[in-house]
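With full-length UniProt numbering, letter number 9 in the sequence shown gets 9, and the count goes up by one each step, no holes.
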Amino acid sequence: IHYLNLKAKISKKENLDLIIQTIQKGIDARKSL
1 IHYLNLKAKI
11 SKKENLDLII
21 QTIQKGIDAR
31 KSL
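Written as structure tokens, this is what we have:
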């Protein structure tokens with residue numbers, strides 16, 4: 001159970017990193033316009 005819980009936390013962090021990257025790409029795209 002602990003292992004699965006840890007894995008879930010890691011995947012949540014990865015999702016967050018992905019969202020942040022996407023937002024930053026959007027900001028960069030706006031700057032280049």
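We treat Cβ as the ideally placed atom computed from N, Cα and C, and that holds for glycine.
Leu33 - containing alpha helix (DSSP H), residue span | Numbered from 1 along the sequence shown, position 33 holds the residue referred to as residue 33. First-last for Leu33: undefined, no H or E at that position.
Can you list, in chain order, the residues of its chain whose CB lies under 6 Å from that of Glu14, leaving out five sequence neighbours each side?
-> Walking along the sequence shown from the start, residue 14 turns up at place 14. For Glu14, same chain residues with a beta-carbon under 6 Å away, outside a window of 5 residues either side, do not exist.
Close beta carbons around Arg30, own chain, < 6 Å, minus the five adjacent residues each side | Taking the sequence shown and counting its residues from 1, the one referred to as residue 30 is at position 30. A distance below 6 Å between beta-carbons, with the five flanking residues on each side excluded, links Arg30 to no residue of its chain.
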